[in-house]
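Novice: Those protein sequence lines, which keep their order, are chains A and B. Residue numbering for the first sequence follows the numbering used here, beginning at 10 and increasing consecutively. Residue numbering for the second sequence follows the numbering used here, beginning at 31 and increasing consecutively. The structure follows.
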Amino acid sequence: MSDAGFAVDVRDVTVAYREKPVLWDIDLEVAPGVLMAVVGPNGAGKTTLIKAILGLIKPAAGEVLIHGRPYSQQRHRVAYVPQRGSVDWDFPTNVLDVVTMGLYGKLGWVRRPTKQHKAVALEALRKVNMEAFASRQISQLSGGQQQRVFLARALVQEADVYFMDEPFQGVDAVTERSIIELLRALRAEGKTVVVVHHDLQTVPEYFDSVLLLNVRRIASGPVEDVFTEENLRVTYGGRVGFVKFVRQQSGVDNA
Amino acid sequence: MTPEQIEIQLVACAVAAACAMPGVFLILRKMAMMSDAISHAILPGIVLAFFAVGELHSPWLIAGAAVAGLATVVLVESISSTRLVKEDAAIGLVFPVLFSVGVLLIAKFAGDIHLDTDAVLTGELAFAPFDRLTIGGVDFGPKSLVTMLTIGFVNAVFIATFYKELKLATFDAGMAASLGFAPVVLHYVLMALVSITAVGAFDAVGSILVVAFMIGPPACGYLLTDRLSTMMLISVGFGLLSAISGYWVAHALDASIAGCMASAVGVLFLVTVAVAPGRGLLSVVRRQSRQRWAFAEKMLAIHLKQHEGLPEEARENRAAHLQEHLRWEAEFARSVVRRAVEDGFVEDDAGFLHLTKAGRVLASETVVDA
């Protein structure tokens, strides 16, 4: 099996909801070992792109390859952290159980998790500093804690490519720090991490690569090449004052 | 107990257990209405099957009901998957249409025949012991008991086998799909089981009791535990409990058996809502009152600390002054002081209030000194 080439290779993907294209002819190549941000205004199709890559939404056209093969053959190499609000946190289950769900893919159909699997899940909880919450009912967690539980669930999947949908949403500064440390640790292991991100100011600090998306791909590549005022203006529809402010804040405009 | 009494209770227990298992997932998927919808929407299935076989007491009519139940599920799913309406609205749209199609078919083509849901799915527990299954002269017991035990067994095997997959698909369908666990297929199989269970149970106990058994006990379980497997056990247990207690209430009152069982489910749920630990009304009230007093004591401690050691202390930190300063009713202020003294936060020196060491800690926990 040749593994040369891209971790994620999106070719000409178009997604439409009832004739209205939400993603138009997207090409995206993500090299392995990259920490990439996906940014764009609300309704730009960021979540849709991730769902299309994961086969959760059927694209109207185009194809997606993960390490050179279709997603359906590479499920075990991909982990997905959905938006926190996408699940029912009143579901009758505890923290350890949710993290163990990350191992279901390896278990396959019907086989049940064993003590060893629980131990792996507990180890992942330790990595996100949530060990003490293992037996806590999930509705008793704060937003940041819920996010870390989701992260631990992705960690146990031991994937090569991670997709995360707004992992920093509604978390405090300390949790944001610890999450970004974890993402960097994943990158250090050679994993590829693609993150839907809303805070433009932290893009240059946190990520080494960025995709600017607004229904079409505006630009993608290394942050220093692509995260420019011109590209941001195109992506966000000409709110220049706002864009300038962001770039000054983030320290890209050193000239 | 006569053999008939035992058999009636056994049938009711089999129905309760068979209904509770898929009912748990209906509650967790916020689809409780589905059981009610299916109970109405099966009418056209019965009518069409009757037109096909021309006989009221054919098992094909029950098969027709089951198919109509499945059609309900498929229609609801395809309407809600357009995302134009929510799932509950889709349910509300589908079942009146199917039901009225059934009514119109009867009015137009079968006006002279007594054909309605009740005529096919007799649903009278009291008669259950008289309709027996005999094969080659051997008596296997009431037909509805055999049917419901079979359905219950299928439900139990399906849920036990795919427990992990059902749990994941219910909690996080997106993740289930991304791992390749086909949540849509699981959903349809689950809903097919709901439909078959409902039709079988209508025939055994009548429609109201089916809805009660499918929704009531799982709703209790949801309030009583934080574990899915425990919720499943509680649901089955509460189902059996309401079946048996309902039977004996009906026996004592000489009233409708199904009515008493459905009422027993209701009573059980009310008791659960009242006393459930953590989520029940009583513990919510208790928690709120505890928080109210704790907050008041904290306010008192902060107030005392603010004026501690200052010239106005003698005036401000008097029990009698609290009324004016914190705008507390006299009675309430006295209670707060009494509680604060009991908890060791405050010492009452003839109406003059001192903070204790613990009281100072309490005050500074909440207020950051400038």
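Each residue gets a CB set at the ideal place from its N, CA and C atoms; glycine is no exception.
Taking Cβ-Cβ distances shorter than 7 Å, what residues in chain B pair up with A/Leu65?
Specialist: Here residue 65 of chain A corresponds to residue number 56 of the first sequence, with the count starting at 1. Under a criterion of Cβ atoms nearer than 7 Å, the residues of chain B adjacent to A/Leu65 are, in order, Gly204, Ala207 and Ser208.
Novice: Within a Cβ cutoff of 6 Å, which residues of the same chain sit near A/Met10, ignoring the five residues on either side of it in sequence?
Specialist: On the first sequence, residue 10 of chain A is found 1 positions in, with the first residue counted as 1. Caution applies to A/Met10, whose pLDDT of 43 falls short of 50 and renders its modelled position unreliable; the value that the coordinates give is listed next. Closer than 6 Å at the Cβ level, and outside the excluded window around A/Met10, lies no residue.
Novice: How long is the line joining the alpha carbons of B/Gly389 and B/Val376, rounded to whole angstroms?
Specialist: Position 359 of the second sequence, counted from the start, is the residue given in the question as residue 389 of chain B. Position 346 of the second sequence, counted from the start, is the residue given in the question as residue 376 of chain B. Distance between the alpha carbons of B/Gly389 and B/Val376 is about 6 Å.
Novice: Using a Cβ cut-off of 8 Å (strictly closer), state whether B/Glu195 contacts chain A.
Specialist: Within the second sequence, residue 195 of chain B is the residue found at index 165, counting from 1. So yes, B/Glu195 belongs to the interface.
Novice: Taking 8 Å as the cut-off, decide whether the C-beta atoms of B/Ile238 and B/Ala199 are in contact.
Specialist: Position 208 of the second sequence, counted from the first residue, corresponds to residue 238 of chain B. Position 169 of the second sequence, counted from the first residue, corresponds to residue 199 of chain B. For B/Ile238 and B/Ala199, no; Cβs fall outside 8 Å.
Novice: Considering just the uninterrupted stretch of the beta strand (DSSP E) at A/Ala182, what are its terminal residues?
Specialist: The residue given as residue 182 of chain A occupies position 173 in the first sequence. In the DSSP assignment, A/Ala182 falls outside any beta strand (DSSP E) and lies within the alpha helix (DSSP H) extending over Ala182 to Ala197.
Novice: CB-CB under 8 Å to B/Gly381, same chain, minus the five flanking residues each way: which ones, in chain order?
Specialist: Locating residue 381 of chain B in the second sequence gives position 351, where the first residue counts as 1. Same-chain partners within the cutoff: Arg348, Ala349 and Ala350.
Novice: Report yes if the C-beta distance between B/Ala280 and B/Ile287 is below 8 Å; otherwise report no.
Specialist: On the second sequence, residue 280 of chain B is found 250 positions in, with the first residue counted as 1. On the second sequence, residue 287 of chain B is found 257 positions in, with the first residue counted as 1. Using a Cβ distance threshold of 8 Å, B/Ala280 and B/Ile287 count as a contacting pair.
Novice: Please state the DSSP three-state secondary structure of B/Asp399.
Specialist: Stepping through the second sequence from its first residue, residue 399 of chain B is reached at position 369. Below a pLDDT of 50, predicted positions are generally treated as unreliable, and B/Asp399, at 49, falls in that range; no measurement from the model is reported.
Novice: Would you grab the beta carbon distance between B/Phe243 and B/Ala46 for me? Rounded to a whole angstrom, and I think it's under 8 Å.
Specialist: Here residue 243 of chain B refers to the residue found at position 213 when the second sequence is read from its first residue. Here residue 46 of chain B refers to the residue found at position 16 when the second sequence is read from its first residue. Yes, B/Phe243 and B/Ala46 are in contact; Cβ-Cβ is about 5 Å, under 8 Å.
Novice: When DSSP labels each residue in this structure, what does B/Pro172 get in the three-state scheme?
Specialist: Counting from one through the second sequence, the residue named residue 172 of chain B turns up at place 142. If DSSP states are grouped into helix, strand and coil, B/Pro172 belongs with the strands.
Novice: For A/Phe100, go through chain B and note every residue whose CB falls closer than 7 Å to its CB, in chain order.
Specialist: For the purposes of this step, residue 100 of chain A is identified with residue 91 of the first sequence, where counting begins at 1. In chain order: Leu58 and Phe201.
Novice: Please list, in chain order, the residues of the region 127 to 146 of chain B that have any C-beta partner in chain A closer than 8 Å.
Specialist: none
Novice: Within 10 angstroms of the Cβ of A/Asp262, are there 16 or more other Cβ atoms? Answer buried if so, exposed if not.
Specialist: As a position in the first sequence, residue 262 of chain A is number 253, starting the count at 1. Low confidence applies to A/Asp262: its pLDDT is 48, below 50, so where it sits in the model is not reliable, and the reading given next is rough at best. A/Asp262 is exposed by the Cβ-count criterion.
Novice: Do B/Asn20 and B/Ala324 have their C-beta atoms within less than 8 Å of each other?
Specialist: Residue coverage of chain B in this structure runs from 31 to 400, which leaves residue 20 of chain B outside it and unanswerable.
Novice: CB A/Gly179 to CB A/Gly152, shorter than 8 Å?
Specialist: To locate residue 179 of chain A, count along the first sequence from 1; it is residue 170. To locate residue 152 of chain A, count along the first sequence from 1; it is residue 143. Going by C-beta atoms, A/Gly179 is nearer than 8 Å to A/Gly152.
Novice: Grouping DSSP H, G and I as helix and E and B as strand, with all else coil, what is A/Ser9?
Specialist: Outside the displayed range of chain A (10 to 264) lies residue 9 of chain A, so it cannot be described from this structure.
Novice: Can you have a look at B/Ser108 and say buried or exposed, based on whether 16 or more other CB atoms are within 10 angstroms of its CB?
Specialist: Taking the second sequence and counting its residues from 1, the one referred to as residue 108 of chain B is at position 78. By the 10 Å Cβ count, B/Ser108 comes out exposed.
Novice: Please list, in chain order, all residues of the same chain as B/Ala173 whose beta carbon is under 7 Å from its beta carbon, the five residues on each side excluded.
Specialist: Working through the second sequence from its first residue, we reach residue 173 of chain B at position 143. It is Lys, not Ala, that sits at residue 173 of chain B in the sequence shown. Excluding residues within five positions, the ones whose Cβ falls inside 7 Å are Asp161, Arg162 and Leu163.
Novice: Mark A/Pro176 as exposed unless 16 or more other C-beta atoms lie within 10 angstroms of its C-beta, in which case mark it buried.
Specialist: Within the first sequence, residue 176 of chain A is the residue found at index 167, counting from 1. Buried: at least 16 other Cβ atoms inside 10 Å.
Novice: In chain order, what residues of the same chain have a beta carbon less than 7 Å from the beta carbon of B/Val314, not counting five sequence neighbours either side?
Specialist: Mapped onto the second sequence, residue 314 of chain B falls at position 284. Nothing listed; no residue qualifies.
Novice: For the pair the region 68 to 78 of chain B and the region 99 to 114 of chain B, tell me if three or more CB-CB distances fall below 8 Å.
Specialist: yes
Novice: Any C-beta of chain B sitting closer than 8 Å to the C-beta of A/Gln146?
Specialist: On the first sequence, residue 146 of chain A is found 137 positions in, with the first residue counted as 1. Yes, A/Gln146 lies at the interface with chain B (some Cβ there is under 8 Å from its Cβ).
Novice: Going along chain B, which residues have a C-beta under 9 Å from A/Asn103?
Specialist: Here residue 103 of chain A refers to the residue found at position 94 of the first sequence. The answer, in chain order, is Asp256 and Arg257.
Novice: Using CA coordinates, which residue listed in B/Leu253, B/Met262, B/Gly122 and B/Leu78 is at the minimum distance from B/Ala50?
Specialist: Looking up residue 50 of chain B in the second sequence gives position 20. If we check each option's Cα against that of B/Ala50, B/Met262 comes out closest.
Novice: Identify the continuous alpha helix (DSSP H) that holds A/Trp98 and give its terminal residues.
Specialist: The count along the first sequence starts at 1 and reaches residue 98 of chain A at position 89. For A/Trp98, no alpha helix (DSSP H) run applies, since DSSP gives it neither H nor E.
Novice: Can you give me the Cβ contacts of B/Ala393 inside the same chain, cut-off strictly under 6 Å, excluding the 5 residues immediately before and after it?
Specialist: Counting from one through the second sequence, the residue named residue 393 of chain B turns up at place 363. Correct list, in chain order: Ala331, Ile332 and Lys335.
Novice: Tell me whether B/Asp142 sits in a helix, a strand or coil according to DSSP, three-state version.
Specialist: Taking the second sequence and counting its residues from 1, one reaches residue 142 of chain B at position 112. Note: B/Asp142 maps to coil in three-state DSSP.
Novice: For B/Leu6, I'd like the list of residues in its chain whose CB is within less than 7 Å of its CB, leaving aside the five on either flank, ordered along the chain.
Specialist: Summary: the structure shown does not reach residue 6 of chain B, with chain B confined to residues 31 through 400, and so no result is reported for it.
Novice: Apart from the five residues on each side of it in sequence, which residues of its chain come closer than 6 Å, Cβ to Cβ, to B/Gly132?
Specialist: Position 102 of the second sequence, counting from 1, holds the residue named residue 132 of chain B. These residues qualify, in order along the chain: Leu73, Pro74 and Val77.
Novice: Look up B/His351 in the DSSP assignment and say whether it is helix, strand or coil.
Specialist: Mapped onto the second sequence, residue 351 of chain B falls at position 321. B/His351: helix per DSSP, three-state reduction.
Novice: Measuring only the C-alpha atoms, how far is A/Ser72 from B/Thr112?
Specialist: For this step, residue 72 of chain A is matched to residue 63 along the first sequence. For this step, residue 112 of chain B is matched to residue 82 along the second sequence. In the sequence as presented, Ser is not what sits at residue 72 of chain A; that position holds Glu. Each residue's Cα considered, the two are about 24 Å apart.
Novice: Under 8 Å: do the region 27 to 45 of chain A and the region 81 to 93 of chain A share three or more Cβ pairs, one atom per stretch?
Specialist: no
Novice: Mind listing, in chain order, the continuous alpha helix (DSSP H) runs of no fewer than 4 residues lying wholly within the region 134 to 175 of chain A?
Specialist: 152 to 164
Novice: Report the residue ranges of all alpha helix (DSSP H) runs contained in full by the region 57 to 140 of chain B; include only those spanning at least 4 residues, in chain order.
Specialist: 63 to 71, 73 to 83, 89 to 110 and 117 to 139
Novice: Are at least three pairs of beta-carbons, each pair with one atom in the region 225 to 232 of chain A and one in the region 195 to 202 of chain A, less than 8 Å apart?
Specialist: no
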